[in-house]
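In the numbering used here, the protein residues as written are 223 to 386. What follows is a single structure, written as structure tokens, with notes after it.
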Amino acid sequence: MVEFVDAQCPYRQQFETRVLPDVVKNYVRTGKLRIQMEPWAFIGPDSIRGQAAELAAARQDRLFNYAELLYDNQRVENSGWLDDKMVAAVASSIPGLQVHTLLNARASGAVNAAQRQVDDLAATDNVTGTPTLYVGKTGTKGVGVNLASATDEAAVVAAINNAA
Numbered sequence: 223m224v225e226f227v228d229a230q231c232p233y234r235q236q237f238e239t240r241v242l243p244d245v246v247k248n249y250v251r252t253g254k255l256r257i258q259m260e261p262w263a264f265i266g267p268d269s270i271r272g273q274a275a276e277l278a279a280a281r282q283d284r285l286f287n288y289a290e291l292l293y294d295n296q297r298v299e300n301s302g303w304l305d306d307k308m309v310a311a312v313a314s315s316i317p318g319l320q321v322h323t324l325l326n327a328r329a330s331g332a333v334n335a336a337q338r339q340v341d342d343l344a345a346t347d348n349v350t351g352t353p354t355l356y357v358g359k360t361g362t363k364g365v366g367v368n369l370a371s372a373t374d375e376a377a378v379v380a381a382i383n384n385a386a
């Protein structure tokens, strides 16, 4: 499953807290599903800072941990909540994540290239919001999942089962 996410999207936050835990428990942990998270920034300045921090966390293999904590601490869109202090606080609460490395990596060429790659993929796939999900066999784009709401777990489960 490929999932486009925006760190400050309230709909994605609902998906993260209400749907994803069951999907991880029933499909990821059982080896039936692999999730590829694509941090995308489309809402505003906090999104861009979140995308850079998430991609920097990914360089330390902590993207999912970092994204989960951002959603647990999400505030009002474009309010400046995702500042350097919040980025560092979230990073410091993840075991094994090197905070200074993450902070420095946000402006690195590697993270900038990763941002462009996600942006290009979102444009190619006509992604217009988050969460946007594609489910299919590894190595394929998969089929888009039409969510009736951010908490439409049934649609996600049906797409996973149809792809199996």
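Even for Gly, the Cβ is constructed at its ideal location relative to N, Cα and C. Only a predicted model underlies this, so the values are computations on that prediction, with no experimental measurement involved.
Delimiting residues of the alpha helix (DSSP H) encompassing residue 261:
Translated into positions along the sequence shown, residue 261 becomes position 39. Unbroken run through residue 261 is the beta strand (DSSP E), 258 to 261; no alpha helix (DSSP H).
Which class does residue 253 belong to by DSSP, given the choice of helix, strand or coil?
Translated into positions along the sequence shown, residue 253 becomes position 31. Coil, per DSSP.
Is the distance from the Cβ of residue 288 to the Cβ of residue 275 below 8 Å?
Taking the sequence shown and counting its residues from 1, one reaches residue 288 at position 66. Taking the sequence shown and counting its residues from 1, one reaches residue 275 at position 53. Taking 8 Å as the Cβ cut-off, residue 288 and residue 275 qualify as a contacting pair.
Just to confirm, are residue 277 and residue 315 a CB contact at a threshold of 8 Å?
Residue numbering aside, residue 277 sits at position 55 when the sequence shown is read from its first letter. Residue numbering aside, residue 315 sits at position 93 when the sequence shown is read from its first letter. No, the Cβ-Cβ distance between residue 277 and residue 315 is not below 8 Å.
Between residue 340 and residue 260, is the Cβ-Cβ spacing less than 8 Å?
By one-based count along the sequence shown, residue 340 stands at place 118. By one-based count along the sequence shown, residue 260 stands at place 38. Cβ distance < 8 Å, so residue 340 and residue 260 count as in contact.
Quick check on the burial criterion: 16 or more other C-beta atoms within 10 angstroms. Buried or exposed for residue 258?
Working through the sequence shown from its first residue, we reach residue 258 at position 36. Counting Cβ neighbours within 10 Å, residue 258 comes out exposed, since fewer than 16 surround it.
Go through its chain and collect everything with a Cβ distance to residue 250's Cβ below 8 Å, but skip five positions before and after it.
As a working note, residue 250 is residue 28 in the sequence shown. Same-chain partners within the cutoff: 256 and 257.
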